[in-house]
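Its first residue numbered 1, the sequence shown is counted upward by one per residue in the UniProt record's numbering.
Glycine residues also receive a C-beta, built at the ideal position from the N, C-alpha and C atoms.
Data first, discussion second: the structure below is written as structure tokens.
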Amino acid sequence: MTAEVLVNVTPSETRVAIVENGILQEIHIERESRRGLVGNVYVGKVNRVLPGMQAAFVDIGLEKAAFLHASDIFQKDCADEGAPAKDITQLVRQGQYIMVQVLKDPLGTKGARLTTEISIPSRYLVLMPRSEHVGVSQRIETEEERDRLRTLATDYSDNDVGFIVRTAAEKVTEEELAEDAKFLRRLWAKIQERRKKKSKGGVLYEDLGLAARVLRDMVGITVERVRIDSRLAFQELTDFVESFIPELVSKLEVYDGERPIFDLFDVENEIQRALNRHVTLKSGGSLIIDQTEAMTTIDINTGAFVGHRNLADTIFNTNIEATQAIARQLRLRNLGGIIIVDFIDMQNEDHRRRVLHSLEQALNKDRARTTISGFTSLGLVEVTRKRTRESLEHVLASECPVCHGRGSIKTVETVSYEIMREIVRVNRAYDADEFIVYASSAVAERLLNEETHALAELEMFVGKKVKVQVEPLYSQEQFDVVMM
Numbered sequence: 001m002t003a004e005v006l007v008n009v010t011p012s013e014t015r016v017a018i019v020e021n022g023i024l025q026e027i028h029i030e031r032e033s034r035r036g037l038v039g040n041v042y043v044g045k046v047n048r049v050l051p052g053m054q055a056a057f058v059d060i061g062l063e064k065a066a067f068l069h070a071s072d073i074f075q076k077d078c079a080d081e082g083a084p085a086k087d088i089t090q091l092v093r094q095g096q097y098i099m100v101q102v103l104k105d106p107l108g109t110k111g112a113r114l115t116t117e118i119s120i121p122s123r124y125l126v127l128m129p130r131s132e133h134v135g136v137s138q139r140i141e142t143e144e145e146r147d148r149l150r151t152l153a154t155d156y157s158d159n160d161v162g163f164i165v166r167t168a169a170e171k172v173t174e175e176e177l178a179e180d181a182k183f184l185r186r187l188w189a190k191i192q193e194r195r196k197k198k199s200k201g202g203v204l205y206e207d208l209g210l211a212a213r214v215l216r217d218m219v220g221i222t223v224e225r226v227r228i229d230s231r232l233a234f235q236e237l238t239d240f241v242e243s244f245i246p247e248l249v250s251k252l253e254v255y256d257g258e259r260p261i262f263d264l265f266d267v268e269n270e271i272q273r274a275l276n277r278h279v280t281l282k283s284g285g286s287l288i289i290d291q292t293e294a295m296t297t298i299d300i301n302t303g304a305f306v307g308h309r310n311l312a313d314t315i316f317n318t319n320i321e322a323t324q325a326i327a328r329q330l331r332l333r334n335l336g337g338i339i340i341v342d343f344i345d346m347q348n349e350d351h352r353r354r355v356l357h358s359l360e361q362a363l364n365k366d367r368a369r370t371t372i373s374g375f376t377s378l379g380l381v382e383v384t385r386k387r388t389r390e391s392l393e394h395v396l397a398s399e400c401p402v403c404h405g406r407g408s409i410k411t412v413e414t415v416s417y418e419i420m421r422e423i424v425r426v427n428r429a430y431d432a433d434e435f436i437v438y439a440s441s442a443v444a445e446r447l448l449n450e451e452t453h454a455l456a457e458l459e460m461f462v463g464k465k466v467k468v469q470v471e472p473l474y475s476q477e478q479f480d481v482v483m484m
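So, in structure tokens, the structure goes:
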């Protein structure tokens with residue numbers, strides 16, 4: 001799998017696009033005013049301890065207090081399997097200052113998720129302080145290579161520090177791995193020094209900038225070229241890859257073309273399309289993607305695709321095509337958490353098995369951890385995808401001020417009848433000579449045309465004159481009934 005990386009840099013925002021075979025697969029956006037916090041290490045103050053939730057709220061200097069669950073608190077004496085976990089009140093106390101790391105960025109109304117099990121990643125290794133654990137990425141499948149890497153990582157570990165070997169370490173030399181381990185140990189020593197100097201809260205360590213982070217974590221993908229449209233960012237990335245990913249140095253280049261860099265491969269338009277609910281398949285079928293706070297749902301429709309043989313084959317082929325589109329959309333939109341996929345109903349058990357296999361194969365390209373459950377009795381497939389940062393929609397869009405996130409607004413007819421009921425209610429509660437209705441142009445037009453007879457009957461019923469006036473700034477659902 002080969003990819004081209006495009007880096008677009010402005011003073012307020014950095015965007016990184018990953019393009020595979022000419023098609024945009026991932027888009028990462030980081031704004032200076034809202035930099036991602038995942039991986040950052042802080043000294044935080046415990047504000048509240050909640051035994052009923054087995055959790056604590058910790059102030060790390062953000063707008064909202066961060067959330068720390070008992071299961072995310074390092075308990076060395078409970079590390080042995082089967083040992084009972086301690087109660088949250090035995091682990092932290094109110095007013096205590098503790099070292100924590102951000103697991104998940106603040107999402108919607110939720111604060112950041114924290115852990116006290118610190119992990120510091122580099123190119124080939126992840127350092128695990130206060131742990132003797134040594135692990136090897138499950139994506140390294142050769143047992144001989146796994147044993148070699150585990151032996152090397154064990155040599156770098158001791159009673160206070162453990163390591164996890166990342167997928168990128170496959171087939172690297174002992175010297176390269178040793179250098180990575182030395183770097184991480186030096187970095188951890190610096191973090192500990194800063195901790196001693198900070199009696200109160202503050203940042204101890206911040207993860208790399210977006211572009212460097214994306215390149216560091218691109219495991220299993222051969223990078224053909226990295227194009228950057230900023231000379232300053234190009235120099236910073238060059239310094240980074242010379243130290244950590246020297247094989248990429250020759251692939252970095254400054255982009256100074258006349259066209260904006262994201263006009264290449266139609267990236268800008270793809271970003272706009274990724275904000276739509278509707279995704280068209282080449283066959284004429286479609287996906288409908290709805291993102292809510294609890295989960296994301298994906299519905300597959302055959303649409304204009306009628307097939308060439310029979311209905312069962314048409315449905316099967318549409319579902320197979322949808323699996324590839326679903327895997328791409330999850331990466332492109334950065335959708336995480338629970339994803340429910342409603343494939344078109346298939347009666348053939350072999351078709352179901354092949355569709356599930358196709359989805360698994362497509363999701364194998366995803367660097368985020370995903371799990372797939374089989375078909376439920378209702379024909380739904382549940383997918384979970386690790387969520388750490390906000391989705392593309394949450395980064396680029398906000399709740400609609402008109403519908404307030406419902407995705408629909410009341411019809412003109414509905415609002416017209418609400419106005420008439422409001423006039424009756426106000427007339428019974430207050431004494432008025434006449435009423436003036438302020439409403440949007442569409443609602444006012446309906447009241448004065450289609451509902452003119454109903455309005456005349458209402459005037460007779462309340463015994464008052466009702467005037468309708470257009471308020472240009474009102475949305476379709478807004479109106480005011482004013483007594484005169």
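Whose CA, out of the options, lies closest to the CA of residue i?
i: Arg93; options: Gln101, Phe244, Lys197, Lys45; result: Lys45
i: Phe316; options: Ala325, Asn348, Ser286, Asn276; result: Asn348
i: Ile340; options: Ala327, Leu187, Glu32, Val9; result: Ala327
i: Thr318; options: Ala294, Gly52, Ser358; result: Ser358
i: Pro246; options: Thr297, Arg166, Tyr124, Ile261; result: Tyr124
i: Gln192; options: Ile98, Val415, Pro472; result: Ile98
i: Gln90; options: Lys64, Thr109, Leu114, Leu50; result: Leu50
i: Val381; options: Val395, Val355, His394; result: Val355
i: Glu451; options: Asp366, Glu434, Val412; result: Val412
i: Asp366; options: Val462, Gln324, Tyr474, Leu287; result: Gln324
i: Phe67; options: Leu107, Lys86, Gln75, Ala233; result: Leu107
i: Thr314; options: Val102, Gly285, Lys200, Glu293; result: Gly285
i: Ser119; options: Gly407, Thr109, Val102; result: Val102
i: Lys465; options: Ala17, Gln476, Asn427; result: Asn427
i: Asn334; options: His394, Ser408, Lys196, Met460; result: His394
Should residue i be labelled buried (16 or more other beta-carbon atoms within 10 Å of its own) or exposed?
i: His404; result: exposed
i: Tyr430; result: exposed
i: Asp350; result: exposed
i: Asp80; result: Unreliable positioning characterises Asp80 in this predicted model, as indicated by a pLDDT of 47, which lies under 50. A coordinate reading is not provided.
i: His28; result: buried
i: Tyr417; result: exposed
i: Asp77; result: The pLDDT assigned to Asp77 is 44, lower than 50, so where the model puts this residue is not dependable; a value taken from the coordinates is nonetheless given after this. Looking at its Cβ environment, which holds fewer than 16 other Cβ atoms inside 10 Å, Asp77 is exposed.
i: Arg353; result: exposed
i: Gly162; result: buried
i: Gln329; result: buried
i: Thr222; result: exposed
i: Thr10; result: exposed
i: Ser440; result: buried
i: Gly336; result: buried
i: Val481; result: buried
i: Val402; result: exposed
Can you tell me the Cβ-Cβ gap for residue i and residue j, rounded? I've got them flagged as a contact below 8 Å.
i: Leu207; j: Asn40; result: Looking at the sequence provided, one finds Asp at residue 207 rather than Leu. Yes, Asp207 and Asn40 are in contact; Cβ-Cβ is about 6 Å, under 8 Å.
i: Tyr190; j: Val43; result: Before going on, a small fix: residue 190 reads as Lys here, not Tyr. Actually they are not in contact, since the Cβ atoms of Lys190 and Val43 sit about 14 Å apart, beyond 8 Å.
i: Ile372; j: Asp342; result: In fact, because the Cβ distance is near 14 Å, the residues do not count as touching under 8 Å.
i: Leu62; j: Gly111; result: 7 Å
i: Leu37; j: Asp105; result: 5 Å
i: Glu4; j: Glu224; result: 5 Å
i: Thr296; j: Ile289; result: 7 Å
i: Phe234; j: Ala17; result: Not confirmed; about 16 Å, so no contact.
If I measure Cβ to Cβ from residue i and keep anything under 8 Å in the same chain, skipping five residues before and after, which residues do I get?
i: Leu237; result: Val7, Ala211, Ala212, Leu215, Val226, Ile228, Leu252
i: Glu174; result: Leu152
i: Ser12; result: Arg31, Glu32, Ser33
i: Lys282; result: Glu321
In this structure, does DSSP put residue i in helix, strand or coil?
i: Val402; result: coil
i: residue 499; result: For the chain, the structure presents residues 1 to 484; residue 499 sits outside this window and is missing.
i: Pro246; result: helix
i: Arg146; result: helix
i: Ser358; result: helix
i: Met53; result: coil
i: Ile221; result: coil
i: Arg31; result: strand
i: Tyr124; result: coil
i: Gln25; result: strand
i: Tyr205; result: strand
i: Asn47; result: strand
i: Met483; result: strand
i: Ala442; result: helix
i: Gln101; result: strand
i: Gln291; result: strand
Given residue i, which residues of its chain have a CB within under 6 Å of its CB, disregarding the five upstream and five downstream residues?
i: Gly135; result: Ile164
i: Val241; result: Leu248, Val249
i: Arg273; result: none
i: Asp72; result: Thr115
i: Asn47; result: Phe57, Asp59, Ala65
Among the residues of its own chain, which have a CB less than 7 Å from the CB of residue i, if the five just before and after it don't count?
i: Ile271; result: Ile27
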